[in-house]
Amino acid sequence: MDDGTTLAMAEVRVDAPARSRPLVVDLDHSLVRTDTLHECLVTLAFRYPRRVPTVARALGQGRAAFKRAAMLHAGLDCEALPLDPAVVEAIARRRASGGEVHLVTAADQLIADGVAAATGLFDSATGSDGTANLKAEAKAEALARSFPNGFDYVGDSLADVPVWRRAGVALLAGDRRGVARRLAHERIVPELLPRRSVRARDWVKALRLHQWSKNLLVLAPIVLSHEFLAPALLLQAIAAFVLFGVVASATYLINDLADLSADRRHPSKRYRALAAGLIPLATAVPLAAGLLSAGLIGGWLLAPAFGATLSCYAALTLLYSFRLKREPLVDVAAIAALFTLRVVAGMVVIGHPVSLWLATFTATLFLSLALAKRSAELVQAARSGRPVHGRGYLPGDEPLTLALGVAAGVVSVLVMVMYMSVDAMPSGLYALDGALYVIPAVLCLWVMRVWLLAHRGALDDDPVIFALRDRVSWWHAGAVAGLWLVAVGGRVA
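Per the numbering used here, the sequence shown runs over residues 233 to 725.
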């Protein structure tokens, strides 16, 4: 069983010795690798923000009432919650021995019932009833009354210590060193149920650090203006690149939080750190807020014009994540605008006036690339016979995306020629400016190749990521860099 186990996929190995005592299992961070209350609150914030005040008022009636209100107003996809494989296997061993297994949790009774129904693993399910919070001593007392002949207990936190004191066997879910030390102090020796902890690469993937490569566009203006040897301007440009990356990572985290349920039902996205429960929501939410705040504040401190541009980028990114990505054609226009904002930010941070030709070139080129990705997805969908989910496109839209995308690509090449004629060549920065005119030809060949692959359904990645991995694209990039150096001819300020 892999780390992507969900409640709907509770297949287990049954080979342990029999035990007669009933096994009682906790839910949050024990059976499931997440906190169900936090799940409800995240869903509430992203899907039903107008209901937040109603749920918040319930907190005045106690924690149990708050949990009930959160569940009623937000709901929870119980079938998609990430299971802990070791706990599920312990349950299977107990059931194989003929013992009873009961779910007893401080989560609301509605959640307990939903999880029990989704898994089919339990003889009963008991949770907080909206009045009393079934946790710590309250849970210990309730279990002592329900199982006077003893019980074994699976838990994960210090709140479970009173329950373990009364249990026959203590089972500790996950690598909880602080809890293990407390149990040792209590002279309780737990049976450990190991769990894969979050790794550095999980954070790298969650923050999408590989996507920072797109922010290299922020550095394009300082390179094209030949001012990259000016230390002050170079440091400003590098700072702008980093701040864009910080804000982008924050928006990726926010997007993952908003799409938790959908990601858990996706064949590959369910392995993402948040969807799989590797990164707690209680960590991800403040981290996303902190990164977004730090990035935007840093942007305004670096330069007000840059801060305004970065704020527009963040707002458009979030709008895209929550709304625009489901609107056909508007989605690709938004993507093109996001790439254009990177170039505009690079101009304003070094104090250069915005070049409309350069901005238009960026917008049309990335509009073409965004349409190429959509076109490739539609080709693949038509071949496989599967619908296109969550994008607003139909398989029959492929000819339209092909026509619009190729047209945008051709326009981008023409706009590049205009940029060179109107902005680059009159600047006096190039000794052999005739070499610049070869660059649009190289770009045209590359764009045509991208569209050929898209039309064949062979463009599996984001076109930008594809370009970074594609050897032929590197040859094109090398040719462009070589031609630019020839055109410069030593004239670098």
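C-beta atoms are modelled at their ideal positions from N, C-alpha and C, and glycine is treated no differently.
Ranking Glu-373, Val-336, Gly-362 and Ala-370 by CA distance to the CA of Asp-355 puts Val-336 first. Under DSSP, Gly-387 forms a beta bridge with Leu-404. When rounded, the separation of the alpha-carbon atoms in Val-643 and Leu-465 is 32 Å. In the structure shown, Ala-357 falls within a strand segment according to DSSP collapsed to helix, strand and coil.
Each of Val-274, Gly-578 and Ala-344 was checked against the Cα of Ala-535, and the nearest Cα belongs to Gly-578. Taking 8 Å as the cut-off, the beta carbon of Ser-360 is found no closer than this to the beta carbon of Asp-345. Residue state for His-708 is assigned as helix, using DSSP reduced to three classes.
Here Ala-514 is not near Asp-434, since their CB atoms are 8 Å or more apart.
Relative to the Cα of Ala-569, the nearest Cα in the group Pro-512, Ser-659 and Thr-594 belongs to Thr-594.
Cβ atoms of Val-256 and His-305 stay farther apart than 8 Å, at about 29 Å.
Along the stretch 476 to 553, the alpha helix (DSSP H) occurs as fully enclosed runs of 4 or more residues at 492 to 496 and 513 to 534, listed in sequence order. Within the same chain, Cβ atoms closer than 6 Å to the Cβ of Ala-608 are found at Ala-686, Gly-689 and Leu-691, the five residues on either side in sequence being excluded.
The alpha-carbon of Asp-491 is positioned some 36 Å away from that of Ala-372.
At the C-beta level, Val-474 and Leu-528 stay beyond 8 Å of one another. Annotation: Val-718 to Val-638 spans about 30 Å, alpha carbon to alpha carbon. Sequence-distant partners of Leu-439 (beyond 5 residues in either direction) whose C-beta falls short of 6 Å from its own C-beta, in its chain, are Ser-481. When the alpha-carbon of Leu-424 is set against those of Arg-408, Arg-431 and Gly-530, the nearest one is in Arg-408. Across the structure, Gly-331 and Arg-253 are spaced so that their CA atoms are roughly 6 Å apart. The three-state secondary structure of Val-645, taken from DSSP, is helix. The residue among Glu-630, Leu-646 and Leu-561 with its C-alpha nearest the C-alpha of Trp-589 is Leu-646. Distances from the CA of Pro-281 to each of Val-575, Ala-613, Ser-587 and Phe-554 were compared; the closest alpha carbon is that of Phe-554. Of the residues Leu-664, Ala-368, Glu-369 and Ala-399, the one whose Cα lies closest to the Cα of Gly-382 is Ala-399. The beta carbon of Thr-286 sits closer than 8 Å to the beta carbons of Ala-301 and His-305 from its chain, once the five residues preceding and following it are set aside; these are given in chain order.
Assignment of Leu-461 by DSSP, reduced to helix, strand and coil, places it in the coil class. A residue is called buried when at least 16 other Cβ atoms come within 10 angstroms of its Cβ; Asp-488 meets this threshold and is buried. Here the C-alpha atom of Ala-288 lies approximately 28 Å from the C-alpha atom of Gly-387. By the C-beta density criterion, Glu-459 is buried, having at least 16 other C-beta atoms within 10 angstroms. The beta-carbon distance between Met-652 and Leu-668, rounded to whole angstroms, is 5 Å. This is short enough to meet the 8 Å contact definition. A straight line joining the alpha-carbon of Pro-560 with that of Gly-710 spans about 35 Å. Excluding sequence positions up to five before and after Lys-605, its CB lies within less than 7 Å of the CB of Leu-691, Asp-694 and Pro-695, all in the same chain and listed in chain order. Looking only at Ser-445, Thr-572 and Leu-601, the smallest Cα-Cα distance to Thr-541 is reached by Thr-572. Distances from the CA of Gly-539 to each of Leu-551, Leu-550, Gln-612 and Leu-524 were compared; the closest alpha carbon is that of Leu-524.
Each of Ala-391, Asp-392, Leu-403 and Glu-369 was checked against the Cα of Asp-384, and the nearest Cα belongs to Leu-403. Contact annotation: Ala-640 and Leu-677 have beta-carbon atoms that are not nearer than 8 Å. About 5 Å separates the CB atoms of Leu-366 and Ala-338; that is less than 8 Å, so the two are in contact.
Collapsing the DSSP output to three states places Val-264 in a strand.
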